[in-house]
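Reviewing the structure listed below.
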Amino acid sequence: MIRKSPRNSIPKKHSMELPRRILIGPGVLRELAKVLSELGLSGPVLLVSGHHVIDTVRVIVEDSLLAEEFTYDWTTISAPTRKDVRKVLDAARALQAKMIVGIGGGKSVDVAKLAASTIGVQFVSVPTSASHDGISSPFVSLKDLKKPYSVLAQSPMGIIADLDIIGKAPGELLLSGCGDLLAKITAVRDWELSAKKKGEYYGRYAAELALLGAEMVMKEAERIGSRSASGIRDVLEALISAGVAAGIAGSSRPCSGSEHLFSHALDIVAPNHGLHGEQCGLGAIMMAKLHGIEWQSIATALERLGGHTQASQLGLSEEDIVKSLLLARTIRPERYTILNMTRLTREKALRLATSTGVC
Ligand SMILES: [Zn+2]
Numbered sequence: 253m254i255r256k257s258p259r260n261s262i263p264k265k266h267s268m269e270l271p272r273r274i275l276i277g278p279g280v281l282r283e284l285a286k287v288l289s290e291l292g293l294s295g296p297v298l299l300v301s302g303h304h305v306i307d308t309v310r311v312i313v314e315d316s317l318l319a320e321e322f323t324y325d326w327t328t329i330s331a332p333t334r335k336d337v338r339k340v341l342d343a344a345r346a347l348q349a350k351m352i353v354g355i356g357g358g359k360s361v362d363v364a365k366l367a368a369s370t371i372g373v374q375f376v377s378v379p380t381s382a383s384h385d386g387i388s389s390p391f392v393s394l395k396d397l398k399k400p401y402s403v404l405a406q407s408p409m410g411i412i413a414d415l416d417i418i419g420k421a422p423g424e425l426l427l428s429g430c431g432d433l434l435a436k437i438t439a440v441r442d443w444e445l446s447a448k449k450k451g452e453y454y455g456r457y458a459a460e461l462a463l464l465g466a467e468m469v470m471k472e473a474e475r476i477g478s479r480s481a482s483g484i485r486d487v488l489e490a491l492i493s494a495g496v497a498a499g500i501a502g503s504s505r506p507c508s509g510s511e512h513l514f515s516h517a518l519d520i521v522a523p524n525h526g527l528h529g530e531q532c533g534l535g536a537i538m539m540a541k542l543h544g545i546e547w548q549s550i551a552t553a554l555e556r557l558g559g560h561t562q563a564s565q566l567g568l569s570e571e572d573i574v575k576s577l578l579l580a581r582t583i584r585p586e587r588y589t590i591l592n593m594t595r596l597t598r599e600k601a602l603r604l605a606t607s608t609g610v611c
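All residue numbers for the sequence shown refer to our numbering, where the first residue is 253 and numbers rise by one.
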């Protein structure tokens, strides 16, 4: 359903950055080099992946690149940190790379994207799971940046999503992708609120595009939860669309609101418990309640998917949740969300967590 734009939303200049070529389907990784050539890319390619992913894709990628006579080199990274970005930058400079291809779930894509934008070369994204929208957005999230949230880098010029590989990814990665999609419900509400209260630019089209994926997850939770091939493809396409919505908005606003601030706070308070989208899913339940909207439908969708709706399922304590709820608003003070309107006290935070069944 199309909702009205906030009345005092002021259109300001912003630029859109979008991918040029997106290829999705079984076995499409074999077409990597062909796609690079079609995009007019030539010259040495630096391939960035994690230590496990490289074993799954190496033969396919190298056969493809050799057939089109590309020079290439690999670099593996272990975490989404500044040290890993520096490692990729050193390898790219040594190779005189003209493009960087990030192959993996989250960290390799993020590290490769930031490295490519730092040295001004093209970036191509090869997701190996449908776990978050960073596979197509111009934003990057690193663990140890001064800002513990996503920062602008550049949109991938191409995205190659091989469903043979993505279909074999662990189920919790797909659930994380679903949580990241459901998060758009509260992210868009926060964006509307900021437009109304602070006059921030609000793009209705980008907002509606981001919400489409969340609506699909709500409607199709059983089919997606059963990990059917069509369900995985739908989540992947919705995540790509959400990243594109951020590109259209020129900001991460349609994809990331108070529920993402809560997830970023959890990364500080209790690192390495839940996946990004799992944490955002818990956040979305609680932030929806603060917004006064149907928070139960988000929790029900997560349950029908087979995902998590309780802190304990992610090994998180009541104290972790309360601390993170209180910290969330301070993570990114300039981003106006429901947390600025509803100043949470310890008691209110605890009541929010218990009343939504998160604790
Ligand atoms: Zn996200």
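Beta carbons: idealized from backbone N, C-alpha and C, even for Gly. Nothing here was measured: the structure is a model prediction, and the numbers come from that model.
Nearest to T594 by alpha-carbon distance, out of V469, I276, D442, is D442. Uninterrupted alpha helix (DSSP H) stretches at least 4 residues long and entirely within the region 443-502 occur at 456-471, 473-477, 481-501, given in chain order.
A residue is called buried once 16 or more other Cβ atoms fall within 10 Å of its Cβ, and G567, having fewer, is exposed.
Collapsing the DSSP output to three states places V313 in a helix. Counting every other CB atom within 10 Å of its CB across the protein chains shown gives A459 a total of 16 or more, marking it as buried. In the DSSP assignment, D572 falls within the alpha helix (DSSP H) that extends over 570-583.
For G609, no beta strand (DSSP E) encloses it, and the DSSP letter there is neither H nor E. DSSP places D325 in the strand class (E or B) of the three-state scheme.
In the structure shown, L298 adopts extended strand secondary structure according to DSSP, grouped into three states. In this structure, the CA atom of V309 is about 29 angstroms from the CA atom of G558. In terms of side-chain proximity, the C-beta atom of H384 is found nearer than 6 angstroms to a non-hydrogen atom of ligand 1.
The beta carbon of D432 sits closer than 6 angstroms to at least one heavy atom of ligand 1. The DSSP-derived three-state label of M351 is strand. Between the alpha carbons of G455 and A501 lies a distance of about 6 angstroms. For A522, no beta strand (DSSP E) segment is defined, and its DSSP state is neither H nor E. By the CB criterion at 7 angstroms, P390 and G499 fall inside the cutoff. Beyond the five residues adjoining it in sequence on each side, I573 comes within less than 7 angstroms, by CB distance, of A563, A605, V610, C611 in the same chain, given in chain order.
The DSSP-derived three-state label of G529 is helix. Sequence-distant Cβ neighbours of S289 in its own chain, meaning closer than 6 angstroms and more than five residues away, are E320. Between K575 and V521, the CB-CB gap stays under 7 angstroms. With distances taken between CA atoms, K398 lies nearest to T333 out of T333, L284, E424.
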